[in-house]
Each structure stands twice: as C-alpha cells, then as structure tokens.
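Using the working numbering, the letters of the sequence shown correspond one by one to residues 8 to 477.
Cβ coordinates follow ideal geometry from the N, Cα and C atoms, glycine included.
Okay, so here's the structure we're looking at.
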Amino acid sequence: MSASPARPFVPSWLSVPADANDLPPLVWPPRAGRDDEGVLTVGGMPATELARRFGTPLYVVDEDAVRTRAAEVLEAFAAAAAAHGTTARVYYAGKALLTTEVVRWVTGEGLAVDVCTGGELAVALAAGVDPARVGFHGNNKSRAELERAVAVGVGSIVIDSLDEVYRLAAIVARAGVTQSVLVRVNTGVHAETHAYLATAHEDQKFGFPLAAADAVVARIRATPGLDLIGLHCHIGSQIFGAGGFEASAGVLAEAYARLRVDGPLPVLNLGGGFGIAYTSADDPTPIAELAAGIVDAVAAACRGAGIPLPTLAFEPGRTIVGRAGVTLYEVGTTKSVPVDDAHARLYVAVDGGMSDNPRPALYGAQFSARLAGRRSDAPPALVRVVGKHCESGDIVVEDDYLPGDVAPGDLLAVPATGAYCFSLSSNYNYVPRPPVVAVHAGRVRVIVRGETVDDLLARDAGIPDTEGIA
Numbered sequence: 008m009s010a011s012p013a014r015p016f017v018p019s020w021l022s023v024p025a026d027a028n029d030l031p032p033l034v035w036p037p038r039a040g041r042d043d044e045g046v047l048t049v050g051g052m053p054a055t056e057l058a059r060r061f062g063t064p065l066y067v068v069d070e071d072a073v074r075t076r077a078a079e080v081l082e083a084f085a086a087a088a089a090a091h092g093t094t095a096r097v098y099y100a101g102k103a104l105l106t107t108e109v110v111r112w113v114t115g116e117g118l119a120v121d122v123c124t125g126g127e128l129a130v131a132l133a134a135g136v137d138p139a140r141v142g143f144h145g146n147n148k149s150r151a152e153l154e155r156a157v158a159v160g161v162g163s164i165v166i167d168s169l170d171e172v173y174r175l176a177a178i179v180a181r182a183g184v185t186q187s188v189l190v191r192v193n194t195g196v197h198a199e200t201h202a203y204l205a206t207a208h209e210d211q212k213f214g215f216p217l218a219a220a221d222a223v224v225a226r227i228r229a230t231p232g233l234d235l236i237g238l239h240c241h242i243g244s245q246i247f248g249a250g251g252f253e254a255s256a257g258v259l260a261e262a263y264a265r266l267r268v269d270g271p272l273p274v275l276n277l278g279g280g281f282g283i284a285y286t287s288a289d290d291p292t293p294i295a296e297l298a299a300g301i302v303d304a305v306a307a308a309c310r311g312a313g314i315p316l317p318t319l320a321f322e323p324g325r326t327i328v329g330r331a332g333v334t335l336y337e338v339g340t341t342k343s344v345p346v347d348d349a350h351a352r353l354y355v356a357v358d359g360g361m362s363d364n365p366r367p368a369l370y371g372a373q374f375s376a377r378l379a380g381r382r383s384d385a386p387p388a389l390v391r392v393v394g395k396h397c398e399s400g401d402i403v404v405e406d407d408y409l410p411g412d413v414a415p416g417d418l419l420a421v422p423a424t425g426a427y428c429f430s431l432s433s434n435y436n437y438v439p440r441p442p443v444v445a446v447h448a449g450r451v452r453v454i455v456r457g458e459t460v461d462d463l464l465a466r467d468a469g470i471p472d473t474e475g476i477a
C-alpha cells in the first residue's frame, strides 16, 4: 500500500476528513447515525447506553441489517439464475459469525447454512435448522464429525480428500444410508487478496487440482452410498470485482461439462468471498452486479459446451454480517509519538485489541474508527488505535483520523466487525471474550454471553475447587 510523498507515514488512500465525526455510508450499518447529542446510534440504540449496560469491549450486531442483507443477496442470485432459466441456492457461511440467533435470522430470510466443523453443525442444529438445509465443509473432517453429519441427515458434504471418500464410505455403509456429496476442486484462479485468504490456487490445503478431479469423481461414483451431486470451488475472501469469480466460473463450467458425461452433476457451487467496505476507500461491487456477472460467465461456458446450466449455489458470509457489526471500546490512554521531525501520530489505546479482532494482525486488515460517545469540533489528528495486549502488532486500526481531543474515557466504535471478529476471538493474555448483543428497533438483547475471569480460571485444572475465585 503506497503512501503520500508529502506524508510517507500515511497510506495514499487515507485523506484528512472534512468532518472526523462522519459515518461513511458503506462502512457502517445502514441505519447507524448520531442523535441530537452526537452519540452514535446502532439499531436505534445509543452506544453510550449499550456500553453502560454491557461494558466494553462489546460486539454489537444490527439484526435488521443482517436480515435485510440476507434477503438482498438471495434475491440477487435468484434473479441472476432465473434470467438464464435455472435456480440458485444460497448458503450462509457460518464461519463469518455463528450464533443460534444469527442462524435463525438468515434461515428466516430463506438461506441455507454452511458449516465446517462439528461445533458449527451443533450450533446450526441447536437453532432448529432442518439438517437438509445444511452443507458441511472442511478439509479434515473427523470420523465423529462425519458420523454426526450423516446421522442427522445433512443436505450435502463437500469432499476434500480421498481419505475422506474412504472414511465416509465406511460410515454410510454402516448406517445403511445414501449421502449426497460434492467435490471441491481448485480452478487455479488466484484471488486478488491476502495470500492466506486466496483458496483456489493449487499449492494449498483445500480441494483437488482439476487434473485429479476425474479420478476422484470416478472413485465416488463407484462407491455405494455416496451420491455425487456436484462440484464446488471457492477462490478466496474479501474480493472486490467480478473478474476473478467470472474466470473461475468459466474454468469450473468446463470441468463440469467434462465430468457430467459419465453421470449427472446437477449442482455447481461457486463459493463466496464477496468483499465489503472496511474504510471509506473501499468500493465493493454491488451484489446484483456481482451475481449477474458470475452467473453470466457460467451460462456462457455451458452454452459453449452445449450443455444445460445446472442449479447454482453460493456461500456468502462476510457480505451478510460484516457491515452489520460494530465493536465498542473505551479509550484507556493516548500517547503522541513522533513519526518524523515535523509530524506525530497519536496512539489511542483501547480496552480490547487482537483478542477480539485479530484480523489486522493476521491479514493486515484495515479498519476505521469514530468517537461513539460524543461529537467533537477538534481538528482531525492522525491516530493508530491499539489494544492492551503485550504485542507490538496488537493494532485495531492502523491509520485513521479522529478528533484531536480524543482522551481517556472516550467511547470508540470500530465498524464492519460483524464478520470474523467474534469468530476468531481468543483469550490471549487471559482477556475474557466480550458479549455479543443484537439491536433491533431501539431494543437490545444478549445473543452470546460474555466471559469473565472466573470462567477462564474454571478451566484451569490446577486450581482447587473453591468459591470466590477472582
């Protein structure tokens, strides 16, 4: 990421805001705003009231934003598929943010659910989902996980290795059932994203190279109890533009045309990975445009091969819940640090950090921040929002501008934290994980209880069973 020649310590995409209190519309939940006192509101709830009742750090999720976006995404892909005479299935990628309430929201809007571990499957089932509406992913599903998936009747299992074929064959044979499966393949299309988020190139842990697909498909078709229903591909995460998806769709459709000669393949699953805006510089492709581009590419490839267009499936996660989430923090300290002879950066330390949002440390992810408890007319100051952990890489927001009078005790909000923040959270430095609350029409409820230090100590087998541990 390049920097301005005049300010080499500031990334080129970041400009000094005219108003450091503004809420860029694509980054914050659609109905976020400020009340007459300048306090941030999410889902009709003032941030100050949320912090007073539940403390900080605090994950806040706008239920209406999740539901509305789920419906928009489903409609976009359904319309794109219908334009070519086929249908689309949309699975919510649970790894983005999975709670029983979130599962109920997205399934209530017509989505199915994609899980990738036994734990995620348990959450989906606890939410009351029909197992037939669950797809099960994962590159190393255990025997116990596969047995549970088969026993409850999940709609499909995505095969990721030959070992899994043999493992699953034995399970369905013992159970006397037939299990629908897909094969995950790598198209070789490289997503324009962080290397750890790109998942379609050959040298990585997921799926089969296309060159191996014929042999894998033949093995599955020869295995009693396994019903091969389609192919699956996922090119990565946080991707802008339709180009990579269109290229991958074309390659996948060619493989589909070849492999359907020896048996039916009614489904092509193109995965997810659609990007969202984390800063005002991000410009994600509108979902209707993205859906149309991907489906058009598959349809063109199928026409070229002279074959019908199959049912299409997609697995969005981040684009459903990312923008709906906001994390609230309290500022603990501020510190001005010189970056050259003429400039300084203000370090703003908050009461959370990489334990509740490891994405900046893992992927160099960019986020933004705003004062949440008040409005300020102070001139903007270049800031770096950091956490409380014992790591120099404990950065929440690497570069942004906040009012220069930001001070200890201020309430700070970081938007676009609905996806992969709670899911990736940890207890590093023995920090309890925050609660997750849902806001809706001016009301709030806890959907995941926060942890306490007592919760963490309760797992330590070296502590005698005594009351009042603190």
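query: Take T185 as the anchor and find which of L81, V120 and L233 has the nearest alpha-carbon.; result: L233
query: Express the C-alpha separation of G339 and A414 in angstroms, rounding to a whole number.; result: 8 Å
query: Threshold first: 3 residues or longer. Then list the beta strand (DSSP E) segments lying entirely within the region 128-160, N to C.; result: 141-143
query: How would you write the range of the alpha helix (DSSP H) that L259 sits in, first residue to last?; result: G250 to L266
query: Is T55 helix, strand or coil by DSSP?; result: helix
query: Would you decide whether Y427 is buried or exposed? Buried here means 16 or more other CB atoms lie within 10 Å of its CB.; result: buried
query: Since I402 is in the beta strand (DSSP E), which residue starts that stretch and which ends it?; result: I402 to P410
query: Starting from the Cα of L238, find the closest Cα among P293, D303, R310 and T318 and give me that residue.; result: T318
query: Going along the chain, which residues of its own chain have a beta-carbon closer than 7 Å to the beta-carbon of V346, five neighbours each way excluded?; result: F16 and R352
query: Please list the segments of the beta strand (DSSP E) lying wholly inside the region 324-376, counting only runs of 3 or more residues, in order along the chain.; result: 332-345 and 351-357
query: Between the Cα of W35 and the Cα atoms of T326, L463, V393 and S149, which residue gives the shortest distance?; result: T326
query: Find out if the Cβ-Cβ distance for the pair Y99, G324 is shorter than 8 Å.; result: yes
query: Would you mind sorting E322 into buried or exposed? The rule is 16 or more other CB atoms within 10 Å of its CB.; result: buried
query: I think V404 touches V421, with their Cβ atoms under 8 Å apart; what is that distance to the nearest whole Å?; result: 6 Å
query: Determine the contact status of G332 and A423, defining contact as a CB-CB distance below 8 Å.; result: yes
query: Check this for me: beta carbons of A256 and L272, under 8 Å apart or not?; result: no
query: Using the rule of at least 16 other Cβ atoms within 10 Å of the residue's Cβ for burial, across every protein chain shown, is G214 buried or exposed?; result: buried
query: Whole angstroms is fine: what's the gap from L169's alpha carbon to L189's?; result: 13 Å
query: With distances taken between CB atoms, is the gap from R96 to A119 smaller than 8 Å?; result: yes
query: Which of helix, strand or coil does DSSP assign to I227?; result: helix
query: Put I246 into one of helix, strand or coil per three-state DSSP.; result: strand
query: Could you round the C-beta distance between G59 and T48 to whole angstroms and report it? I think they count as a contact, below 8 Å.; result: Checking the sequence shown, residue 59 turns out to be Arg, not Gly. About 14 Å; that fails the 8 Å criterion.
query: Between which two residues does the beta strand (DSSP E) containing R174 stretch?; result: Premise fails: R174 lies in the alpha helix (DSSP H), L169 to A182, not in any beta strand (DSSP E).
query: Under a three-way DSSP split, which group does N28 fall into?; result: coil
query: In the DSSP output, which residue or residues are listed as bridge partners for T124?; result: The partner list for T124 (beta bridge, DSSP) is empty, contrary to what the question assumes.
query: Measure the C-alpha to C-alpha separation of H447 and S244 and round it to an integer number of angstroms.; result: 28 Å
query: Please name the residue in R377, A86, A156 and V130 whose C-alpha comes closest to that of L105.; result: V130
query: In whole angstroms, give me the CA-to-CA distance for A25 and L389.; result: 13 Å
query: Taking one C-beta from the region 303-311 and one from the region 259-269 each time, how about it: are there three or more such pairs within less than 8 Å?; result: yes
query: Inspect the CB distances between the region 131-140 and the region 155-175 and report whether three or more fall short of 8 Å.; result: yes
query: Tell me, which residues are paired with G214 by DSSP?; result: Paired residue(s): none; G214 is not in a bridge.
query: Along the chain, where does the alpha helix (DSSP H) containing L464 start, and where does it finish?; result: V460 to L464
query: Look at the alpha carbon of Y203 and the alpha carbon of S432, and state the distance between them as a whole number of angstroms.; result: Because Y203 carries a pLDDT of 35, less than 50, the predicted location of this residue cannot be relied on, and the following value inherits that uncertainty. Those two C-alpha atoms are separated by around 18 Å.
query: Leaving out the 5 sequence neighbours to the left and right, which residues in its chain are closer than 6 Å to R440 when beta-carbon positions are compared?; result: S432 and E458
query: Would you please state the rounded distance, in angstroms, between the beta carbons of P37 and A83? I believe it to be under 8 Å.; result: 16 Å between Cβ atoms; not a contact.
query: Looking at the structure shown, is T107 part of a helix, part of a strand, or coil, going by DSSP?; result: helix
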